[in-house]
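Protein chains in written order, with the working numbering: chain E, 1 to 337; chain V, 1001 to 1265.
Glycine included, each C-beta is placed from N, C-alpha and C at the ideal position.
These notes are about the structure you will find just below.
Written as structure tokens, this is what we have:
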């Protein structure tokens, strides 16, 4: 006797297929005359923000969504959060089309826009929290539990009774994070959450995101220009430029896509001769520190180190991958933007 | 429902933080009221024909207008909160809340129309009654009719001011409409000159327009200039216009949110 075997393919939590969005932008010639002309005959040009973007995400992923300014990152996030209606394409988040069932959809997601605030400027943070409890219809015991946990994790207890306008940016961002999570969403969208934060606040925000993703299984979609955020957090990176996805995968595959090169950083003694050779080039020289670039596929790393150590008097050296900023800059450059 | 009430009470608590603004508002309205009362007095002294309002009634009407001024969309900023949100793009957060956008804005409008008024009207009415010639309603029934139609006026004014807010979805800056309409409202609801003092030919139009229900009708119920029994017809007129504004607003929000572009990255 054979038992019927049922294969359950996991349905991705977020599906984006062929997403297209264009904007009409008014064209204004400069100067008074130009302004008058535009007043009489307004002219519009069509700007394509998204040109057929597709990807899918599984529940519990922590994805970095990166790209240069104007690449279409925010537009994608707005479509995923139901704020914006795209021209064409399919978006499904937890089985719902965000802009069609906006209210049901947003009840299950959390959003933080780093450059805006969802807290009541003039009121203590706790009042905004209480208001959100009512808006999301969270039962009191569950609300109190979630709130206390967030207050503890983000060390907010000192801040709760301070009017939001008196908080520093780092403090406010921690409060914004808590506010977006009070209703225990399944997915958290973070649009540049570390923008303008100092190092300590950035680390606090990052640690918190990691805990949230690992321990609570919340899917996190993070758009940022801070590559340290990406390196510290994201197992998967989607790179968008000019409205198209250029790359989708791990950070190391993103690197591999651009270049295999390694950097050898050498600190020399003061009297030493500079390194020279055919199979590497010097990227930079700062004082006694030389940064060399080479292709490990052609040049054997151990051999190169041996030759340089014989040629110059080396104080210290180390091998690194090129910094992620360098990789991203090259990718952006390659996109012709 | 609870969410909207919470919104209202947050707004109220927020206003309580601004004592200086409340005192300044009180002073401004007192000064404006005095000017209007003096103009009225000059007008009553020089005219010899019989006026549709007695001088005492006109004075009381003026003080009511000053006391409930905050309820009317009288400034260039009928709903500064939502307007700033649309301009700055923070409206994205508004759309990220699991609430119907129109209802949310309507609730915000009711809160921003009523909270400051509640805060300011009592001291002003008190001072005007004690020192400045304001009178009490002639009967309890007149007073009750006034309160009922004042509440209906709040709903009417709020529905109207949401329409101004919604227009921002098309114009971004929105200063044009937001400056033009309040001046019209201000004139047509009786806050500059009491409506009974308008010429006869204007009365017919004013009776149909929604603005009478925003101030003039409740005030005249207070004075007893309209009998308390008229309250049913007045409230029906107010609520019909409210319904029309709400339906129009809902339709426009549906239309507007499809083309809404949240500014900036």
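Item, Value
"Going by CA-CA distance only, name the one from 99/E, 56/E, 24/E and 43/E that's closest to residue 248/E.", "56/E"
"Can you pull the DSSP bridge partners for residue 263/E?", "293/E and 320/E"
"Going by DSSP, what residue range makes up the alpha helix (DSSP H) through residue 1092/V?", "1091 to 1095"
"What residue from 1063/V, 1041/V and 1223/V has the CA that sits closest to residue 1131/V's CA?", "1063/V"
"Taking residue 248/E as part of the alpha helix (DSSP H), name the residues at either end of that continuous run.", "Counting along the chain, residue 248/E falls outside any alpha helix (DSSP H), though it belongs to the beta strand (DSSP E) covering 244 to 249."
"Using the C-alpha atoms, what's the distance from residue 186/E back to residue 105/E?", "11 Å"
"With the cut-off set at 9 Å, would you say residue 48/E and residue 65/E are in Cβ contact?", "no"
"Kindly indicate if chain V contains any beta-carbon less than 9 Å away from that of residue 226/E.", "no"
"Work out the CA separation of residue 258/E and residue 330/E for me, nearest whole Å.", "7 Å"
"Short check: CB of residue 208/E to CB of residue 236/E, under 9 Å?", "no"
"Just reading off the beta strand (DSSP E) that residue 51/E is part of, what are its end residues?", "43 to 57"
"Compare the C-beta of residue 343/E with all C-beta atoms of chain V and state if any pair is closer than 9 Å.", "Given a span of 1 to 337 for chain E in the structure shown, any question on residue 343/E remains unanswerable."
"For residue 1076/V, decide whether its Cβ has a neighbour in chain E, counting only Cβ atoms nearer than 9 Å.", "The pLDDT assigned to residue 1076/V is 48, lower than 50, so where the model puts this residue is not dependable; a value taken from the coordinates is nonetheless given after this. Residue 1076/V does not count as touching chain E."
"Cβ atoms of residue 226/E and residue 195/E: under 9 Å apart, would you say?", "yes"
"Kindly indicate the opening and closing residues of the beta strand (DSSP E) around residue 89/E.", "88 to 93"
"Can you tell me which of 1032/V, 1221/V and 1102/V puts its alpha carbon nearest to the alpha carbon of residue 1247/V?", "1102/V"
"For residue 319/E, decide whether its Cβ has a neighbour in chain V, counting only Cβ atoms nearer than 9 Å.", "no"
"Under 8 Å by Cβ, that's how I've got residue 947/V and residue 1153/V pegged, so tell me the actual separation to the nearest angstrom.", "Given a span of 1001 to 1265 for chain V in the structure shown, any question on residue 947/V remains unanswerable."
"Keeping to the same chain, check which residues put their C-beta closer than 7 Å to that of residue 1238/V; ignore five residues upstream and five downstream.", "1149, 1152, 1153, 1156 and 1213"
"Locate the alpha helix (DSSP H) running through residue 113/E, then write down its first and last residues.", "Element bounds for residue 113/E: not the alpha helix (DSSP H) but the beta strand (DSSP E), 109 to 113."
"Quick one: is residue 53/E near chain V, going by C-beta distance under 9 Å?", "no"
"Rounded to whole angstroms, what's the CA-CA distance from residue 1098/V to residue 27/E? Just pull it up for me.", "36 Å"
"At a CB-CB cut-off below 9 Å, which residues of chain E make contact with residue 1014/V?", "120, 121, 122, 123 and 127"
"Determine which residues share a DSSP beta bridge with residue 191/E and list them.", "113/E and 223/E"
"Are residue 1221/V and residue 1205/V touching if we call contact CB-CB under 9 Å?", "no"
"Of the choices 1146/V, 1123/V and 1177/V, whose alpha-carbon is the least far from that of residue 1024/V?", "1123/V"
"Do you know whose CA, among 71/E, 182/E and 101/E, lies nearest residue 20/E's CA?", "71/E"
"Is the stretch 158 to 169 of chain E touching the stretch 81 to 94 of chain E in the sense that three or more CB pairs, one from each, lie closer than 8 Å?", "no"
"Quick check on residue 1089/V - is its C-beta less than 9 Å from some C-beta in chain E?", "yes"
"Near residue 1166/V, what residues of its chain come up, given a Cβ to Cβ distance below 7 Å and the 5 sequence neighbours on each side ignored?", "1249, 1252, 1253 and 1256"
"Taking the alpha-carbon of residue 1014/V as reference, which of 98/E, 119/E, 45/E and 109/E has the nearest alpha-carbon?", "119/E"
"Which chain V residues sit within Cβ distance under 9 Å of residue 308/E?", "Within 9 Å Cβ-Cβ: nothing; residue 308/E doesn't reach chain V, min ~45 Å."
"Please return the same chain residues whose Cβ sits closer than 8 Å to the Cβ of residue 1020/V, not counting the five positions on each side in sequence.", "none"
"Could you tell me whether the stretch 302 to 311 of chain E touches the stretch 272 to 283 of chain E, where touching means 3 or more Cβ pairs closer than 8 Å?", "yes"
"Against chain E, with Cβ distances strictly below 9 Å, would residue 1006/V count as a contact?", "yes"
"State the start and end residues of the unbroken alpha helix (DSSP H) segment that holds residue 236/E.", "Premise fails: residue 236/E lies in the beta strand (DSSP E), 236 to 241, not in any alpha helix (DSSP H)."
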